[in-house]
Amino acid sequence: MSMQKEKVLLLGANGFLGSHVTDALIAEGFSVRAMDMFSDFKNARFNPSVDIEMVSGNFLNQADVEEAIGGVDYVIHLVTTTNPATAESDPLIDIDTNIRGSVELFQKIVANGKIKKIIYSSSGGTVYGDQDVNHPISELEHTWPVSPYGIGKLTIENYLHYFDKKFVQPYTVFRIANPYGERQPKVRKQGVIPIFMDKILNDEPITVLGDGEMVRDYIYVKDVAQVIAKSLKKELQHSIYNLGSGSGHSVNEIVAEIEKATGKKAKIDYKPAPSTFVNFSVLDNTRCAKEFPEVTLTSLDIGIKHLIREIESE
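Quick note: the sequence shown uses our numbering, first residue 1, plus one each step.
1) Buried or exposed for glutamine 237, please, with buried defined as at least 16 other CB atoms from any protein chain shown within 10 angstroms of its CB.
2) Quick one: residues in its chain with C-beta nearer than 7 Å to the C-beta of cysteine 288, no 5 flanking neighbours on either side, listed in chain order?
3) Exposed or buried, what is glutamate 312 when buried is set at 16 or more other beta-carbons lying within 10 Å of its beta-carbon?
4) I'd like to know whether the C-beta atoms of valine 55 and isoleucine 115 end up nearer to each other than 8 Å.
5) Taking the beta strand (DSSP E) that valine 8 belongs to, which residues open and close that run?
6) Taking the alpha helix (DSSP H) that methionine 197 falls in, what are its first and last residues?
7) Would valine 168 be called buried (16 or more neighbouring beta carbons within 10 Å of its own) or exposed?
8) Quick one: residues in its chain with C-beta nearer than 6 Å to the C-beta of glutamine 184, no 5 flanking neighbours on either side, listed in chain order?
9) Per DSSP, which residues does valine 173 bridge with? Please list them.
10) Could you give the distance in angstroms between the alpha-carbon of lysine 108 and the alpha-carbon of tyrosine 159?
11) Put leucine 209 into one of helix, strand or coil per three-state DSSP.
12) Compare the beta carbon distance of tyrosine 270 and serine 245 with 8 Å and say whether it is the shorter of the two.
13) Grab the span of the beta strand (DSSP E) containing glutamate 53 for me, first residue to last.
14) Contact defined as beta carbons within less than 8 Å: I believe lysine 117 pairs with tyrosine 74. What is the distance between those atoms, to the nearest angstrom?
15) Nearest-angstrom Cα distance between proline 148 and glutamine 4?
16) Arginine 45 and asparagine 83 - do their beta-carbons sit closer together than 8 Å?
17) Could you check whether the Cβ of phenylalanine 41 sits closer than 8 Å to any Cβ belonging to chain B?
18) Among the candidates Lys233, Gly57, Asp198, whose CA atom is the shortest distance from the CA of lysine 267?
19) What distance in whole Å lies between the Cβ atoms of valine 215 and valine 110, which are believed to be in contact at a cut-off of 8 Å?
20) Just curious, the beta strand (DSSP E) that isoleucine 76 is in, first and last residue?
21) Does the beta-carbon of threonine 286, which I'm using as the reference point, lie nearer than 7 Å to any heavy atom of the ligand GTP?
22) Just the C-alpha distance for leucine 60 and glycine 101, rounded to the nearest angstrom, thanks.
23) Flag this pair as yes or no: are the beta carbons of isoleucine 206 and glutamate 259 separated by less than 8 Å?
24) Could you tell me the distance, in whole angstroms, from the CA atom of alanine 229 to the CA atom of glycine 152?
25) So, with DSSP's three-state summary, where would you put arginine 316?
26) Closest to isoleucine 69 by C-alpha separation, out of Glu141, Phe196, Val32, would be which residue?
27) Roughly how many whole angstroms lie between the Cα atoms of histidine 306 and glutamate 294?
28) Counting along the chain, where does the alpha helix (DSSP H) carrying proline 91 start and finish?
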């Protein structure tokens, strides 16, 4: 007689990161309740499996959330109702949706009383703010976000800490760098690698903010998904982990890497960078690497080649 698989509620399961986490959870032997605002279950972005239960629901609807929590062992919260640009244009939307919705979710989880752990995807690129350093930032560095998006992410982290202290509700926060890879939308304002790649392949101009020397940490999405899925079975030593590559690349370097991989020259339109943009953001991944030695990170050039294959096949 086979043992019943542990069940994971994955909020945001059909998104860019969520679809890969769904695949990774199945590979790790979990059963997944995949919740998202599905318009059609046939349009699921993750690979089909008999161990996936698809649920159409709204993260902001408390009845949907309460029903989805029933009978699961873990909850992975990947939902975000804003991105850095939309949160910047109206911070109240972030407060009224992301922060409020997350707190209501945590209240439901605590009331349920049977959830072993909450996993939350935070933003390594925004919660630390502009540290005015040129070395990778560790989890011990001061958090000083300079954008509403980062403030919102850090606020949700703090609420998780509160719910753990008051109700002993275990959690793990992953402060994720800049994930890229297959299934990433190319029409949004977030995700410089697929956006640039699509435009360069189609001989369209790309927009670079500032002089292109802003440095960011880019991590292949399937590596992120592996770490998140594997974290459920581990007795982790910490509650917060940076999840990045540990190395930085300027926007100009990203453009050069794409030009090299595609054999095409980019048409670049330089524009002033907003005052809230962070010049250097690279995550120290020592803590994560120590606890997840089995996850080998994909190099940027290989990850870009994977993405090119997907775009060219569309």
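Ideal Cβ placement from N, Cα and C applies to all residues, glycine included.
In terms of the structure at hand:
1) exposed
2) Val227, Tyr241, Asn242, Leu243
3) exposed
4) no
5) 7-11
6) 192-201
7) exposed
8) Phe16, Gly191, Pro194
9) Tyr120, Ile240
10) 13 Å
11) strand
12) no
13) 52-56
14) 5 Å
15) 42 Å
16) no
17) In the displayed structure, chain B is absent; only one protein chain is listed.
18) Asp198
19) About 40 Å separates the two Cβ atoms, so there is no contact after all.
20) 74-77
21) The ligand GTP is not among the ligands present in this structure, which contains no ligands whatsoever.
22) 5 Å
23) no
24) 24 Å
25) Outside the displayed span of the chain (1 to 314) sits residue 316, for which this structure offers no information.
26) Val32
27) 21 Å
28) 91-94
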